[in-house]
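Student:
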Amino acid sequence: MSRTSRINLDREIPGVLVPVENRTSLARRGINNIIQALPGTQGWTRNETVSSSSSSSSSSSSTMRTAIPGCASHRSRGVNMEAMKTKQKKCENLDIAAVDNEKQIVFEQVDLYAQGFPVFEEIRRQGKLCDVTLKVDDQSFSAHRIVLAATIPYFNAMFLNNMIESKQNDITLQGIDAVALEAAINFAYSGRITLTNSNVQSLMMGASFLHLHKVRDACADFLKKRFHPHNAIGIRHFADTLSCLPLVEEADKYIQQYFHEVSVADEFLAQPFSELKELVCRDELHVVSEEQVFEAVMRWVRHDKENRTKNLPELLASVRLPLLTPQYLADHIAKEDLIRSSHQCRDLLDEARDYHLMPERRHLLQSFRSRPRCCNYIMGHIFAVGGLTKSGDSLSTVEVFDPFVGRWQTSEAMTMLRSRVGVAVHKNKLYAFGGYNGTERLSTVEVYDPCLRTWNKIGPMQCKRSAVGTTALGDHLYVCGGYDGVTSLNTVERYSPNTDKWKMISSMNKHRSAGGVVAFQGYVYALGGHDGLSIFDSVERYDPLSGFWTVVKPMLTRRCRLGVATLNGKLYVCGGYDGSTFLQSVEVYDPVIDTWKFVAPMNVMRSRVALVANMGKLWAIGGYDGVSNLSTVEVYDPSTDSWSFVASMCAHEGGVGVGVIPLC
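For the sequence shown, the positions run 1 to 664 when full-length UniProt numbering is used.
This is how it looks when you write it as structure tokens:
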């Protein structure tokens, strides 16, 4: 990509008029510069101890029209100069000391500056008194040397430093186009410039050339407001060419925040190898999973396979393959011909496989590739589904929290009443599984499409389930355990959205009702819960490749009705009930060292709590504190190990199912 190629802003609004400098400010600075530039005026000073704005515009204009004393115009009008001298002598000896001790009063007409520059502009429009012609691209522009020197730093240096051009009447400029030069000259006389999608690139280059820093900053602000996935990389290249660091930094932030959207745009495919490598190395990329980074790299390579295949090993080394699921490694990466044909790429794939196959040795395999990106979290709307009223009645109500505005509002209700409902999000659609309608446990399932804003029923589960654990992993959704109205369940069903079919798979080792279920590092984890007799601290996980459940490290506390979520490569559990106490404690599991530890507790006890990750934080929503159902919400910040309250739900009193639909 050419570093000065045309920036695509066609999808944006047509333009704005930018008053880059206050006219009075520009005029005041310009007049002062003109005075200093005039021969014989270097010693002039201006006393500003007293000012007056009493003179009107009309009096000033009248003064402008009056001929200067001593000029031919006075003589042509027959002015009697001798009579004027006689009158002057009569006034020479006025005695005013008796009434005023001040020796001098300085009068200042503060609007003279603002009035002066429009006159300069009109004089130039008429082509009068112009003493320099600037030429660019076969176009010529007449102007006043003194005005240009007073308002544009480039011309100040040219005209006041004995450069050759200071003595030329016709000056040809290189490095600026006619559109930018004309706009800059008009700006010199008016202090105003109009920015549009079609001229901003030219004007910013011209402003940089002429050292008009405020104009350049205005252009940069204009471009910041027009970032889009299809132009962000181009704007960054352009800003880098002009050494405009603030615009480069803002473009970087945008590209990082909307990496996936940027990666499918044409500009991304035109990047040079060095820039792409630097980009995919960044910790700050906002991605839902490392799959998005891998797929972006492969799109770039395939765009020019003949010339770019040689770059794949180095790019793949910047992708954090160990963070991908075993299923994705096996089904996608291992089957990619470009990777299979490179021994360096195969070595990287083997490293990622070892990371998953030998968790006890992960501490020996640590590298930047196994470190989660700082911003690999979901940014989206939080949906609270179903749940209970204060009196314990089931609800079909749905409300959504927008973390950017910090407010809950109701959304489209489900087709059925559902409390103790299981919720999972898959490919930006939200699924509600089973639950309790106040009369019976349910096997029905419905799905919400945020684009259509509708709920639709899909194929029912094979078993009725409330207090069920659910999650999405790969191309499937999993429902684990729950309560069918008679007994706690250990059965597990897997749903394929592509076929709308359910399949019963391997059962868990324990019957788990009101347990926590979450997808983590390519496995389905089932935590805590109860079997009707005992509450568990045990944890087991399902491997979709082997089809088996394996018992892993237990939690520090036994819990049912707990919240569970993953964030930054770690697994969190919060709240719940241990058989005697409603809990507010929180634990985190680090798979690298295979250890659970306590972190800061929530502010209140929460059983039947929902926990989700959003915007790099954990959100504990609703629950029951042993006395009443809760509508309150609190947020955990792992960087400070602290919880803080945010806006409460407006239509629920606890027991909700929760999911996050990412922003597109």
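Quick reminder that beta carbons are idealized off the backbone N, C-alpha and C, glycines included.
Between V288 and the ligand ZN, is the CB less than 8 Å from at least one heavy atom?
Tutor: As for the ligand ZN, it is missing from this structure, which has no ligand bound.
Student: DSSP has residue 665 in a bridge; who is on the other side?
Tutor: Any question about residue 665 goes unanswered here, given that the chain covers just 1 to 664.
Student: Per DSSP, what kind of secondary structure is D641 in: helix, strand or coil?
Tutor: D641 falls in the coil class under three-state DSSP.
Student: Excluding the 5 residues flanking H356 on each side, which residues of the same chain have their C-beta closer than 6 Å to its C-beta?
Tutor: Closer than 6 Å at Cβ, skipping near neighbours: P326.
Student: Report the three-state DSSP secondary structure of V588 (helix, strand or coil).
Tutor: Reduced to three states, the DSSP call for V588 is strand.
Student: Starting from K305, trace the beta strand (DSSP E) both ways and give me its first and last residue.
Tutor: First-last for K305: K305 to R308, but that is the alpha helix (DSSP H), not the beta strand (DSSP E).
Student: Have a look at the DSSP bridge pairing and note the partners of N629.
Tutor: DSSP lists Y624 as partners of N629.
Student: How big is the Cα-Cα spacing for R559 and N614?
Tutor: Roughly 23 Å between the two C-alpha positions.
Student: Taking only runs of the alpha helix (DSSP H) that begin and end inside the stretch 408-486, which ones reach a length of at least 4 residues, in chain order?
Tutor: Qualifying alpha helix (DSSP H) stretches: none in this window.
Student: Where Y189 and P118 are concerned, what is the direct C-alpha to C-alpha distance, given to the nearest angstrom?
Tutor: Cα-Cα distance, rounded: 7 Å.
Student: State yes or no: is the C-beta of G623 within less than 9 Å of the C-beta of R608?
Tutor: Contact: yes.
Student: Which residues share a DSSP beta bridge with D543?
Tutor: Looking at the DSSP assignment, D543 forms a beta bridge with F548.
Student: Does the distance from the CB of V524 to the CB of T471 come in under 9 Å?
Tutor: For V524 and T471, yes; Cβs fall inside 9 Å.
Student: Which same chain residues end up closer than 7 Å to S318 when comparing Cβ atoms and leaving out the 5 residues on each side of it in sequence?
Tutor: Within the same chain, S318 has close Cβ partners K277, V280 and C281.
Student: Are the CB atoms of Q505 and R512 nearer to each other than 9 Å?
Tutor: For clarity, residue 505 is Ile in the given sequence; the question names Gln instead. No, these two residues do not count as a Cβ contact at 9 Å.
Student: On the three-pair Cβ rule with 8 Å, is the stretch 170-184 touching the stretch 105-118?
Tutor: With the cut-off at 8 Å, the stretch 170-184 and the stretch 105-118 do not touch.
Student: Compute the Euclidean distance between the alpha carbons of V486 and A424, then round it to the nearest angstrom.
Tutor: Spanning the two alpha carbons is a distance of roughly 25 Å.
Student: Going by DSSP, name the residue or residues bridged to N614.
Tutor: Looking at the DSSP assignment, N614 forms a beta bridge with K617.
Student: In this structure, does DSSP put E108 in helix, strand or coil?
Tutor: Note: E108 maps to coil in three-state DSSP.
Student: Among A565, V592 and G616, which one has its Cα closest to the Cα of G657?
Tutor: Checked all of A565, V592 and G616; the closest Cα to G657 is A565.
Student: If you compare alpha carbons, which of T309, F520, F645 and S466 is closest to V592?
Tutor: Ranking T309, F520, F645 and S466 by Cα distance to V592 puts F520 first.
Student: Is it the case that the Cβ atoms of W502 and G438 are separated by a distance below 9 Å?
Tutor: Their beta carbons are not under 9 Å apart, which means W502 does not touch G438 by this criterion.
Student: Which of the three DSSP states, helix, strand or coil, is assigned to V524?
Tutor: Three-state result, V524: strand.
Student: Using 10 angstroms around the beta-carbon of N161, count the other beta-carbons present and answer buried if the total reaches 16, otherwise exposed.
Tutor: The residue in question, N161, is exposed, as its Cβ has fewer than 16 Cβ neighbours within 10 Å.
Student: Look at the alpha carbon of V132 and the alpha carbon of E182, and state the distance between them as a whole number of angstroms.
Tutor: Distance between the alpha carbons of V132 and E182: 14 Å.
Student: Please classify P69 as buried or exposed, where buried requires at least 16 neighbouring CB atoms within 10 angstroms.
Tutor: Low confidence applies to P69: its pLDDT is 40, below 50, so where it sits in the model is not reliable, and the reading given next is rough at best. That one is exposed.
Student: Hey, out of M358, R441, H213 and V106, whose CA is closest to T151's CA?
Tutor: With distances taken between Cα atoms, T151 lies closest to H213.
Student: By the 10 Å Cβ neighbour count, where 16 or more other Cβ atoms means buried, how is E399 classified, buried or exposed?
Tutor: Burial call: buried.
Student: Please check the pair L434 and K464, which I expect to be a contact at CB under 8 Å, by giving their CB distance rounded to whole angstroms.
Tutor: For clarity, residue 434 is Gly in the given sequence; the question names Leu instead. Correct: roughly 7 Å between the Cβ atoms.
Student: Contact defined as beta carbons within less than 8 Å: I believe K570 pairs with V588. What is the distance between those atoms, to the nearest angstrom?
Tutor: K570 to V588, Cβ: 5 Å. Contact.
Student: Use the C-beta contact count for G40: other C-beta atoms within 10 angstroms, 16 or more gives buried, fewer gives exposed.
Tutor: With a pLDDT of 43 at G40, under the threshold of 50, the modelled position of that residue is not reliable, and no figure is offered here.
Student: Going by alpha carbons, who is nearest to S394 out of R418, E290 and S507?
Tutor: Here the closest residue by C-alpha is R418.
Student: In the stretch 245-312, which residue ranges form an unbroken alpha helix (DSSP H) of at least 4 residues, counting only runs that do not cross its ends?
Tutor: Within the stretch 245-312, the complete alpha helix (DSSP H) runs of at least 4 residues are 245-257, 259-263, 266-269, 273-280, 291-303 and 305-308.
Student: Going by DSSP, what residues sit across from E182 in a beta bridge?
Tutor: E182 pairs with nothing; no bridge assigned.
Student: So L562 and G532 are supposed to be a Cβ contact under 8 Å. How far apart are they, rounded?
Tutor: Rounded, the Cβ-Cβ distance is 17 Å, inconsistent with contact.
Student: Considering only the beta carbon of each residue, do G522 and L324 sit closer than 9 Å?
Tutor: Yes. Within cutoff.
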